[in-house]
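Protein chains: 2
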Amino acid sequence: MTVIMYTEGRDCEPRQEPFVTERYLEDFHAGQTFRSGRIRIEASHIKSFAAEFDPQPFQLDERAATDSVLAGLAASGWHTAAITMRLRVVSDLKPAGGIVGAGFDEFRWPRPVRPGDDLRVEGEVLEIRASKSQPASARS
Amino acid sequence: MTVIMYTEGRDCEPRQEPFVTERYLEDFHAGQTFRSGRIRIEASHIKSFAAEFDPQPFQLDERAATDSVLAGLAASGWHTAAITMRLRVVSDLKPAGGIVGAGFDEFRWPRPVRPGDDLRVEGEVLEIRASKSQPASARS
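One line per chain: the protein sequences are G and E, in this order.
Residue 36 in the numbering used here is what sits at position 36 of the first sequence, and the numbering runs on without skipping anything.
The numbering used here runs 1000 ahead of the 1-based position in the second sequence.
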């Protein structure tokens, strides 16, 4: 198993519901917000992920990164996306049945993620729709 | 550094251009297609990635997976996405300056990726537009 090297911390106050186990459809409502803890990303994580999944010179080496379009070492967008998933999974969101997605309609990497950056996720429930194919499930 | 455990192989005939180094804007045209090699994904990869980035019981344990909405062990969608990036990077696509994306307008995981599945990527150049912010770059 891969050793998890990320530094995780909570940056939010203890929530009203400290023992959340699983949430069901009726536990969600539009306007509800969720915040994750934080994960700090270091240069070693960036290079390790890149070596495995995004082996481009500017992801692996500071000097090559300096000369690249990103003007310095930055995390692979897929690394940022994967960390975002971890932050969501370990947050209080916890839908019963798990977080399983079918895709995204809009997905953007607006700014480079640099060594030493702290990542956290904020989410808001916009709408709740019962799944057509699996009526016991919901999309939000 | 993470040890790369993936089995990679080429499933396509040797190309006309065996020594592709980097492609520039004028080397791309609409209708051009690219195929990657293959990567086989095993249960151990699925669990290792999930432990780090998507630690939900049904990603980590066969029994929990059997009872989940995916009805068996399946790769995290972010794992599939990351492998897709690797396949693109090591393919003959090789744009000068590297593969750097700003995001996706439509991104879907249509089917679960199971242990033993071979993954490969096929891509087609639909359109080439000079970047507005960085005229020396291009989007495709």
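For every residue, glycine included, the Cβ atom is placed at its ideal position computed from N, Cα and C.
Small disclaimer: the values here were computed from a predicted structure and weren't measured.
Taking residue i as the query, report the chain E residues whose CB atoms sit under 8 Å from its CB, ordered along the chain.
i	result
LEU70 of chain G	VAL1100
Residue i CB to nearest chain G CB: under 9 Å?
i	result
ARG1086 of chain E	yes
SER1076 of chain E	yes
PHE1058 of chain E	yes
PRO1115 of chain E	no
Say whether chain E places a C-beta atom closer than 9 Å to the C-beta of residue i.
i	result
PRO90 of chain G	Correcting the residue type first, residue 90 of chain G is Val in the shown sequence and not Pro. Yes, VAL90 of chain G counts as interfacial toward chain E.
MET1 of chain G	Because MET1 of chain G sits at a pLDDT of 31, beneath the cut-off of 50, its placement in the model cannot be relied upon, and the point is left open.
GLU106 of chain G	yes
GLY103 of chain G	yes
PHE28 of chain G	no
PHE49 of chain G	yes
LEU126 of chain G	no
Got a sec, what are the start and stop residues for the beta strand (DSSP E) residue i sits in?
i	result
PHE34 of chain G	33-35
LEU1155 of chain E	The structure shown has nothing for residue 1155 of chain E, since chain E only spans 1001 to 1140.
ARG40 of chain G	38-40
When you compare the CB positions of residue i and residue j, do they come within less than 9 Å of one another, or not?
i	j	result
GLU1052 of chain E	ALA82 of chain G	yes
ARG1086 of chain E	ASP61 of chain G	no
PHE1049 of chain E	HIS1079 of chain E	yes
HIS1045 of chain E	ALA1075 of chain E	yes
GLY101 of chain G	THR33 of chain G	no
VAL125 of chain G	GLY31 of chain G	yes
LEU142 of chain G	GLN56 of chain G	In the structure as shown, chain G begins at 1 and stops at 140. Residue 142 of chain G is therefore absent and cannot be evaluated.
ILE99 of chain G	LEU25 of chain G	no
GLY1077 of chain E	SER68 of chain G	no
ARG1023 of chain E	LYS1094 of chain E	yes
GLU42 of chain G	PRO115 of chain G	yes
LEU119 of chain G	ARG35 of chain G	no
PHE28 of chain G	PHE1107 of chain E	no
Anything in chain E within Cβ reach of residue i, meaning under 7 Å, just list it in chain order.
i	result
ALA81 of chain G	TRP1078 and ALA1081
For residue i, which residues in chain G fall below 8 Å Cβ to Cβ?
i	result
PHE1053 of chain E	ALA82, ILE83, MET85 and ARG86
GLY1097 of chain E	SER68 and VAL69
If you follow the alpha helix (DSSP H) that residue i is part of, which residue opens it and which one closes it?
i	result
ARG1063 of chain E	1062-1066
GLY77 of chain G	77-89
HIS1045 of chain E	1043-1053
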